[in-house]
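Q: This is the structure I want to talk about, given as structure tokens.
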Amino acid sequence: MSVIECNGLTKVYGGTKALNNLSFKIEENKITGLIGRNGAGKTTLLKIIAGLIKETAGELKVFSEKPFNSLQVSANVIFLHDQMNLPTALNLKELLETAASFYPNWDRELADRLLDYFSLNPLQHYNGLSKGMKSTFNMILGLSARVPLTLFDEPTSGMDAAVRKDFYRALLKDYIAYPRTIIISSHHLNEIEDLLEDILLVKEGKELHHMPVADLKEWAIGLQGNTAVIGEWTKNKEVIYTKSIGIDQSYVVVRNHFTETEGQRARNAGIDITPVTASDLCVYLTSKTKGGIDDVFNKG
Amino acid sequence: MLFNLDGTKPIYIQLSEWLENEILNGNFESDQKIYSQYQLAEIFNINPATAAKGLNILADEQILYKKRGLGMFVVNSAKEMILAKRKNQTLKRLVQEIVLEAGRLQVSKEELIEMIKTADIGEAEK
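For the protein sequence lines, the chains are X and L, in the order given. Counting in our numbering, the first sequence runs without a single skipped number right up to 300 at its last residue. Counting in our numbering, the second sequence runs without a single skipped number right up to 126 at its last residue.
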């Protein structure tokens, strides 16, 4: 069953298309990573899914309903981001108690234990928290609500390395115990890729790729060696990234269409074949030029 | 983290190799139930779908067999199958690499064979 169905979704902000004819489906009980560069439209997409803003054109359905002004969607979705508008009059403890009355599956014990574990003072107010502590509190809200669709927008921003690690583990443990659909947008793909089942890569408001993370790792390979030899081998291949090293060496990332024997022949010709990490590949795929930042400095 | 996450090998392949080692080390006997995908997900902090993929590699190679609703179990000849597979695949690939590097370094065949003969096998030798 698809939890989210999106067809030709477009959102225009003052003449700029934040989302441009985006189409995809998210299936039930999967953890999907929403990956893209700054300004790719990740937050806009999550806002539309949560029903906070309306699309300009196209259609998006969550649980077969349009999310904007839908009680059904609000009750079954929680959206955590770094601009949460929580009541300033309530302290953390009261916020959790209030949240409990909104979500039928709310786990009060989990919320209290997490609050205690991360040493958040229950009497403090949300606005008085540091950036990392705000993110930590958002995570507690998101996990304890246990709603069918959880949306995390940059959940780890401001968190230190230890808290991030704890967060990933907590998310996975709760997901194993209570499977549900989760979307996480993050810039730390290398940190979250093991948690993910699928990845949705967006670039300039369009869907670039939607596939299992495991496939992404084998999707492309890096070739390194003599520039002339590499040029010969990559002639008819789909080149994703290229970089020259030293005088006559290059590193080129291509689609992985190599067979076992072809790979062996390339190695015999003196080419080093290496896998490309998912996080590097996403950087290459979402970059505007094939040479990356080096192109800016190459005037000649 | 117990796995090498730098991307040199997909996690599910590392997982299937880890499970093979568990069987080789005798931690799992024939017809014994192996870890479930959820146990593996919890141990290694990975998505259960990834863990299932690792288990399925071994099921496809018939090193594990499925019992409906009960999980996956180790087949009788699992150890022999893993050893044969590693010899045919992993060892062959490593030898290929050694020969290639020897060629680059202009090491002769005889020299290379001598190096292999005198290599210290340590405790692995029986």
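For glycine and all other residues, C-beta sits at the position ideal for the given N, C-alpha and C. Please read all numbers here as calculations on a predicted model, not as lab measurements.
Report yes if the C-beta distance between residue 209 of chain X and residue 199 of chain X is below 9 Å; otherwise report no.
A: Result yes, Cβ atoms of residue 209 of chain X and residue 199 of chain X sit closer than 9 Å.
Q: Residue 170 of chain X lies in the alpha helix (DSSP H); which residues open and close that run?
A: 161-177 is the extent of the alpha helix (DSSP H) around residue 170 of chain X.
Q: Taking 9 Å as the threshold (C-beta atoms), are residue 30 of chain X and residue 49 of chain L in contact?
A: Their beta carbons are under 9 Å apart, which means residue 49 of chain L touches residue 30 of chain X by this criterion.
Q: Measure the CB-CB distance between residue 10 of chain X and residue 57 of chain X and report whether it falls below 9 Å.
A: Yes, they are a contact pair.
Q: If you measure beta-carbon to beta-carbon, which residues of the stretch 42-73 of chain L are closer than 9 Å to chain X?
A: So the close ones are 42, 44, 45, 46, 47, 48, 49, 50 and 53.
Q: Who are the near neighbours of residue 37 of chain L in its chain, counting only those whose CB is closer than 7 Å to its CB and skipping five residues on each side?
A: Around residue 37 of chain L: 48, 51, 52 and 55.
Q: Report the option in X/194, X/254, X/233 and X/295 whose CA atom is closest to the CA atom of residue 268 of chain X.
A: Closest option to residue 268 of chain X, Cα to Cα, is X/233.
Q: Give me the Cα-Cα distance between residue 91 of chain L and residue 255 of chain X, rounded to the nearest whole angstrom.
A: Cα-Cα distance, rounded: 27 Å.
Q: What did DSSP end up calling residue 95 of chain L once you bin it into helix, strand or coil?
A: Helix at residue 95 of chain L.
Q: Return the CA-CA distance between residue 173 of chain X and residue 139 of chain X, expressed in angstroms with no decimal places.
A: Cα to Cα, the separation comes out at about 14 Å.
Q: DSSP state of residue 241 of chain X, grouped into three classes?
A: Three-state DSSP puts residue 241 of chain X in a strand.
Q: With a threshold of 16 other CB atoms inside 10 Å of the CB of residue 122 of chain X, please say whether the residue is buried or exposed.
A: Residue 122 of chain X should be labelled exposed.
Q: With a CB to CB cut of under 6 Å and the five nearest residues on each side skipped, what residues in its chain are close to residue 12 of chain X?
A: Same-chain partners within the cutoff: 56.
Q: When you compare the CB of residue 256 of chain X with every CB in chain L, is at least one pair closer than 9 Å?
A: No, residue 256 of chain X lies away from the interface with chain L (no Cβ there is under 9 Å from its Cβ).
Q: What are the residues in the stretch 9-36 of chain X lying within 7 Å of chain L by C-beta distance?
A: Answer in chain order: 31.
Q: Identify each residue in the stretch 129-163 of chain X for which the Cβ-Cβ distance to at least one residue of chain L is less than 9 Å, and report them in chain order.
A: Those residues of the stretch 129-163 of chain X that come within reach of chain L (Cβ to Cβ, closer than 9 Å) do not exist; the list is empty.
Q: Along the stretch 196-220 of chain X, where does the CB come closer than 8 Å to a CB of chain L? Name the residues.
A: Within the stretch 196-220 of chain X, the residues whose Cβ lies closer than 8 Å to some Cβ of chain L are 196, 197, 212, 213, 214, 217 and 218, listed in chain order.
Q: How would you call residue 297 of chain X, buried or exposed, if buried means at least 16 neighbouring beta carbons within 10 angstroms?
A: Result: exposed.
Q: Please confirm whether residue 264 of chain X has its beta-carbon closer than 9 Å to some beta-carbon of chain L.
A: True, the Cβ-Cβ gap to chain L drops below 9 Å.
Q: To which residues of the same chain is residue 100 of chain X closer than 7 Å at the C-beta, ignoring the five residues directly before and after it?
A: If we look at residue 100 of chain X and ignore the five residues flanking it on each side, its Cβ neighbours are 106 and 108.
Q: Quick one: Cα of residue 112 of chain X to Cα of residue 52 of chain X, how far?
A: Straight-line Cα distance between these residues: approximately 28 Å.
Q: For residue 221 of chain X, which residues does DSSP report across the bridge?
A: Answer is X/254 and X/275, bridged to residue 221 of chain X.
Q: Where does residue 81 of chain X land, buried or exposed, given buried means 16+ other C-beta within 10 angstroms?
A: Result: buried.
Q: Strictly under 9 Å for the Cβ-Cβ distance: is residue 275 of chain X near chain L by that measure?
A: With 9 Å as the cut-off, residue 275 of chain X counts as an interface residue toward chain L.
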